[in-house]
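Residue numbers (our numbering): 46 to 355.
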Amino acid sequence: MEKFAEYNSAQLLKPNKKVRIERTGKMLTLAAVGLTIGIAFAILFLVSSKGLSTFYINKGSVIEFLTGLKWNPGVKNELGKPIIGALPFIFGSFAVTFLSAAICAPVAIGAAVFMTEISPKFGKKILQPVIELLVGIPSVVYGFIGLSVVVPFIRNHITGSGFGIAAGTIVLSIMILPTITSLSADAIRGVPRQLREASLALGATRWQTIFRVVLKTARPGLLTAVIFGMARAFGEALAVQMVIGNSSVIPTSLFEPASTLTSILTMGMGYTVMGQAENNALWSLALVLLIMSLIFIIAVRMIGKGRKEA
Numbered sequence: 046m047e048k049f050a051e052y053n054s055a056q057l058l059k060p061n062k063k064v065r066i067e068r069t070g071k072m073l074t075l076a077a078v079g080l081t082i083g084i085a086f087a088i089l090f091l092v093s094s095k096g097l098s099t100f101y102i103n104k105g106s107v108i109e110f111l112t113g114l115k116w117n118p119g120v121k122n123e124l125g126k127p128i129i130g131a132l133p134f135i136f137g138s139f140a141v142t143f144l145s146a147a148i149c150a151p152v153a154i155g156a157a158v159f160m161t162e163i164s165p166k167f168g169k170k171i172l173q174p175v176i177e178l179l180v181g182i183p184s185v186v187y188g189f190i191g192l193s194v195v196v197p198f199i200r201n202h203i204t205g206s207g208f209g210i211a212a213g214t215i216v217l218s219i220m221i222l223p224t225i226t227s228l229s230a231d232a233i234r235g236v237p238r239q240l241r242e243a244s245l246a247l248g249a250t251r252w253q254t255i256f257r258v259v260l261k262t263a264r265p266g267l268l269t270a271v272i273f274g275m276a277r278a279f280g281e282a283l284a285v286q287m288v289i290g291n292s293s294v295i296p297t298s299l300f301e302p303a304s305t306l307t308s309i310l311t312m313g314m315g316y317t318v319m320g321q322a323e324n325n326a327l328w329s330l331a332l333v334l335l336i337m338s339l340i341f342i343i344a345v346r347m348i349g350k351g352r353k354e355a
């Protein structure tokens, strides 16, 4: 009996197999979370330190960087500071982002309403796979289509060389359309069915129910979808570079060549030396992109928080 009791007590003291698996899973999860946080902080530190080097090592002016019109970091002005006027690139990025969002958002939300409210079966079987397919198309394909179709069309039927803000806006609108449509459809599907039934029971028409009940209830999700689309448009590089013209000036027309932050980065990063003023200036542009990404993320978080409180 004593040996049997000692054996039972020893078995009780040994950790169960499920407990060991749970502990291992927790350790792996914590390790993955720690690695993710470490990578995120490393990226923030690298981009911030390199981006700020333009101002505290190369003695560049923040005001000139945000408001200047000339970009030539390898040359110094009469004050001995590098010429780093990035306003044309910042203007180009914001212009194509907001114009593409303004054009794409109504179309995407309308397509999402059609998929979920008007023709849900057709939308689920036909349109949803098409939207998912468009999301997976590489950006270089969109850029090549824009270069082969959009630019010649603008040049032959409207005005100018075809390159410019208008071409970049059209390409970005097509690129972010699947993203906004897919997220908007998910937001609309999240509206409780009871709200639709209550609206129809009170005598509202189908369109009144969609416009006054469904879209109003799904508004936070729709705003989140639009912001995600804007974030993708703001950070897009290759497709925009192929059709915008890459001219370091503020255009006076939508059909004149321009530049964005991403297009200048992709063209210049491989031709500069690490630590030089030209390279640090490009890192400063990358810092602006990072800050804008953080602003988009904060906006999404605030909208999501307001939705939960509501």
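Where a beta carbon is used, it is the ideal one built from N, C-alpha and C, also for glycine.
- Setting aside the 5 residues that flank it on each side, residue 92 is surrounded in the same chain by 331, 332 and 335, each with a C-beta closer than 6 Å to its C-beta; the list follows chain order.
- Checking the DSSP bridge columns, you'll see residue 191 has no partner listed.
- In this chain, residue 119 is not harboured by any alpha helix (DSSP H); it is covered by the beta strand (DSSP E) spanning 116 to 121.
- The alpha-carbon separation between residue 314 and residue 204 amounts to approximately 32 Å.
- Proximity to residue 227 across 150, 112 and 280 peaks at 150, based on C-alpha coordinates.
- By the criterion of at least three beta-carbon pairs nearer than 8 Å, the stretch 277 to 289 is not in contact with the stretch 250 to 259.
- The beta carbon of residue 99 lies closer than 6 Å to those of 105, 325, 326 and 329 in the same chain, with the five residues before and after it left out.
- By the Cβ rule, the stretch 130 to 147 counts as touching the stretch 298 to 308, because three or more pairs are nearer than 8 Å.
- Excluding residues up to 5 positions away in sequence, 118, 119 and 317 lie with their Cβ nearer than 6 Å to the Cβ of residue 323 in the same chain.
- For the pair residue 115 and residue 293, the CB atoms are nearer than the 9 Å cut-off.
- The beta carbons of residue 218 and residue 148 sit about 5 Å from each other, so the pair counts as a contact at 8 Å.
- A distance of 9 Å or more separates the beta carbons of residue 140 and residue 81.
- Counted as a single uninterrupted DSSP element, the alpha helix (DSSP H) harbouring residue 199 occupies residues 196 to 202.
- The beta carbon of residue 341 is closer than 6 Å to those of 272 and 276 in its chain, skipping five residues each way along the sequence.
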